[in-house]
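Note sheet for the following structure.
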C-alpha cells in the first residue's frame, strides 16, 4: 500500500505530464499512453481518463486537476503501476519533432530553404 500523499504527488505529476504531452503530441499520443500506463485497470477506468480531453474549452490546469484523482485511484488499486507513472512524471513525455534546413523535399517537417519544381526547365 502506498502512502496517500505519495500517490497524490505521483498522480498530479503524471497528470500534468500527460496533459502537456497531449497538447504537443495530440490526442492519439495521450490515448496510447493512458492505455499503456493504466493497462492494469479496466477499460472503463482507462476510458474515464481519456474522456478528460473531451472538454475542448478547459485549460491545461483544469484538465490536470480532473485527471489527477483518476490516476490516484488507479495507483491505489494497482500499486505496481506507481513506478511507471512516477517515471513518466520525472522524465516527461517522449515526443519527437523534426526540423529540416537546406534545400530538398522534407516530409513531416519544416523546410527552411528553397525548393523548385520545374521539370526540364532551368532552376530558379
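Residue numbers (my numbering): 64 to 187. C-beta: ideal position from N, C-alpha, C; glycine also. Just so you know, these numbers come straight off a predicted model, no measurement behind them.
>> Helix, strand or coil for residue 110? Go by DSSP, reduced to three states.
In response: Walking along the chain shown from the start, residue 110 turns up at place 47. The answer is helix: DSSP assigns residue 110 an H, G or I state.
>> I need the DSSP call for residue 87, collapsed to helix, strand or coil.
In response: Residue 87 sits at position 24 when you count from the first residue of the chain shown. Three-state DSSP puts residue 87 in a helix.
> For residue 104, which three-state DSSP category applies?
Replying inline: Start at 1 with the first residue of the chain shown, and residue 104 comes out as number 41. If DSSP states are grouped into helix, strand and coil, residue 104 belongs with coil.
> So residue 77 and residue 134 are in contact, right, with Cβ under 8 angstroms, and what is the actual spacing, rounded?
Replying inline: Along the chain shown, read from residue 1 onward, the residue named residue 77 stands at position 14. Along the chain shown, read from residue 1 onward, the residue named residue 134 stands at position 71. With 8 angstroms as the limit, residue 77 and residue 134 qualify as a contact, their Cβ atoms being about 6 angstroms apart.
> On the three-state DSSP scale, how would you describe residue 122?
Replying inline: For the purposes of this step, residue 122 is identified with residue 59 of the chain shown, where counting begins at 1. It is coil, neither helix nor strand.
> Can we say the segment 87-94 touches the segment 105-117, given the rule of at least three CB pairs closer than 8 angstroms?
Replying inline: As far as the Cβ criterion goes, the segment 87-94 touches the segment 105-117, which means the pair count is three or higher.
>> Please return the same chain residues whose Cβ sits closer than 6 angstroms to the Cβ of residue 79, not counting the five positions on each side in sequence.
In response: Walking along the chain shown from the start, residue 79 turns up at place 16. Once the five neighbours on either side are set aside, the close Cβ partners of residue 79 are 127.
> In its own chain, which residues sit with a C-beta less than 8 angstroms from the C-beta of residue 131, not counting the 5 before and 5 after it?
Replying inline: Looking up residue 131 in the chain shown gives position 68. Same-chain partners within the cutoff: 71, 74, 75, 78.
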